[in-house]
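Under the working numbering, the letters of the sequence shown match residues 14 to 565, in that order. Built from N, CA and C at the ideal position, the CB exists for glycine as well.
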Amino acid sequence: MVRQRLSLTLLFLLFVGLVGGRAFAEAPPERTPLDDYVNAPDDSFSWKIVSTKEFDGGKAYVLDMTSQTWRSEDEVDRTKWQHWVTVAVPDKLTSNIGFMLIGGGSNGGNPPDGPNGMVNQIALRTGTVVAEVRMIPNQRLEFFGDGKKRSEDDLIAYTWVKYLETGDPTWPARNPMVKSVVRAMDAVTELLASDDGGNRVVDQFVVAGGSKRGWTTWLVGAVDDRVVGIAPIVIDVLNLEKSMGHHFAAYGFFAPSIGDYVEHKLVQQPKHPRLEGLRQLVDPYHYRHRLTMPKFIMNSAGDQFFPPDMSRFYFDDLEGEKYLRYVPNSDHGLDDTDAIESVLAFYSLILAGKDRPQFSWTQPDPNTFVVTTKEAPKEVRLWQATNPQARDFRLESLGPQYTSEVLEASSDGTYVAHVDDPPEGFTAFFVELTYDVDAPTPFKATTNVSIVPDVLPFADKNPTLPTSLTLHCKVPSNEVVEQIKQALDSPQMQAIGDDPRLTTSGEGDNLTVTLNWVPKGAFEDGARAIAGYLGTLGCDNFSFQMESGRPE
């Protein structure tokens, strides 16, 4: 069950680890502040059935769950965390293992009618209980009566800042996010054990979630022994310090998708005395010694948050059974892909108690993968994309440029993929293996992504300078450029930012303007206002980035 208890010696090791990162890495503690928070008794935990509904082959439940009380009424406008938990139970239950999906959404609406169709279908296809806990995190929340309703990354980043200010390890929102999922597993187990649930046993779980819910997936696996498998999705950022340094060194700027963390000045202060303590609290990399259960790590090869080669900073260090999958021609949302089918295949393999496919790879040089597999794959493909201008493979900037070719086995049974350095720019590539595993869907997994040439264009650039914002867009004419120049001195522009600088490039249909300014207020609000104005002038193809200092 949930991890708890330990000796004074190990508590001392925790203290040493929080003060010095090397000690933590060498002697990871058996108990952390996250354990303390999750295991702390909380009388506000409760759940009740809101509705039940029969569906073809099963029964659906909607639970109203209060997971905990987080912080005081002086600190936040709503202290009790409330969630909808939807549960699909097939008539023919074949396992004590259930599937827990971590979902998002905002508080305050009506309860859902029931699980969505995907949840019901997974329950029927696997013969298991499938549940989704929603409103992770609870949102929108207002802190200290400041009038700002925060949600998603803005909420999380704000609570990180509060930890840096106070040193209070209960501040990071990841604490209540993790506890919410642990309590949802409790609720599902209690429901199934009740008369309403048919007096059945569900006491183990495979947990999955995407983005910040994927981050939560990692940490739920770290604190609760009921978790027998995890599928963290599109959260390719373990080993935070190295990962975020790599992000900037690859791009030379911060992508707008991580804007909340830049706006809260979290990525610009790598030497903050409490930052290492924060990483040890929230970074799954620091819990890797616990994460020995089967792991299926699903990432996007075109994610707008993370460069696609970030697994280099954590995958080899993970213990136990582990699989990667990078999905080509996708972004953070993994829309219109077969991502969920791969997760379903992984879950089905755990349920069946079968050996999962075993394969490994080496890279004798950055341009080559040599893949060795125990079982014969149904298909092996090399995927690659080239950006002739930048080390940037975000779908939003490059488009769906990944192409593939089938690889045949070499005489020794290995699969060799070699990609030459491109004449200009960079090429990203990886190998994808597809296995027929007698599951409802095939199982796909990949190597890591390699990018060649293996250089970081902005490795020497300082990421800690004051932030400025840059907007790029196409403009229809030089006359419009003159209109934009005149608007730079307007009261509206002065309210958004200081010292706006405009440059142009190209001509005709390729006429482009670049506008850089020092923001005064909320980054996103100012950028939207400027883009809205430029849109009225016929400008299009907008892109944004956050600079360290002013661009040269």
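| Query | Result |
| --- | --- |
| Quickly, what does DSSP pair SER4 with across the bridge? List them, please. | Absent from the model: residue 4. The displayed extent of the chain is 14 to 565, so no value can be given. |
| Rounded to a whole number of angstroms, what is the C-alpha to C-alpha distance between PRO320 and PRO470? | 13 Å |
| Buried or exposed: where does SER556 fall if 16 or more other Cβ atoms within 10 Å of its Cβ makes it buried? | exposed |
| Where does ARG118 sit, in a helix, a strand or coil, going by DSSP? | According to the sequence provided, residue 118 is Gly. The question's Arg does not apply to it. Coil at GLY118, not helix or strand. |
| Count the C-beta pairs between the stretch 485-492 and the stretch 419-434 that are closer than 8 Å, then say yes if the count reaches three, no if not. | no |
| In the DSSP assignment, the alpha helix (DSSP H) including GLU276 goes from what residue to what residue? | 272-276 |
| Going by alpha carbons, who is nearest to GLY130 out of ASP511, GLU145, TYR264, VAL432? | GLU145 |
| Taking DSSP as the reference, what is the three-state secondary structure of LYS457? | strand |
| Since SER108 contacts ASP322 with CB under 8 Å, what's their CB separation in whole angstroms? | With a Cβ gap of about 37 Å, SER108 and ASP322 do not count as contacting. |
| Give the range of the beta strand (DSSP E) segment to which MET311 is assigned. | 308-313 |
| Within this structure, are the beta carbons of PHE318 and SER270 separated by less than 7 Å? | yes |
| Beta carbon of ILE243, beta carbon of GLY227: below 7 Å? | no |
| Based on DSSP bridge pairs, tell me the residues matched to HIS431. | THR381 |
| Can you name the start and end residues of the beta strand (DSSP E) that TYR448 belongs to? | 439-448 |
| Tell me which same chain residues have a C-beta within less than 6 Å of the C-beta of PHE439, skipping the five on either side of it? | ASN400, ARG404, ILE464 |
| Check whether the Cβ atoms of PHE261 and MET559 sit closer than 7 Å, and answer yes or no. | no |
| In chain order, what residues of the same chain lie with their CB nearer than 7 Å to the CB of ARG576, ignoring the 5 residues before and after it? | This structure gives no information on residue 576, because the portion of the chain shown stretches from 14 to 565. |
| Taking buried to mean at least 16 other C-beta atoms within 10 Å of its own C-beta, is LEU27 buried or exposed? | With a pLDDT of 27 at LEU27, under the threshold of 50, the modelled position of that residue is not reliable, and no figure is offered here. |
| Drop a sphere of 10 angstroms on the beta-carbon of GLU178, count the other beta-carbons inside from all chains shown, and report buried for 16 or more, exposed for fewer. | exposed |
| Find the nearest neighbour of PHE406 within the set TYR339, GLU392, ASP55, judged by alpha-carbon distance. | TYR339 |
| Looking only at DSSP bridge pairs, what is HIS96 linked to? | MET78 |
| Alpha carbon to alpha carbon, how far is GLY117 from GLY34? Give it in angstroms, no decimals. | Reliability of the predicted coordinates at GLY34 is poor, the pLDDT of 36 falling under 50, and the value obtained from them is presented with this limitation in mind. Rounded to the nearest angstrom, the two C-alpha atoms are 32 Å apart. |
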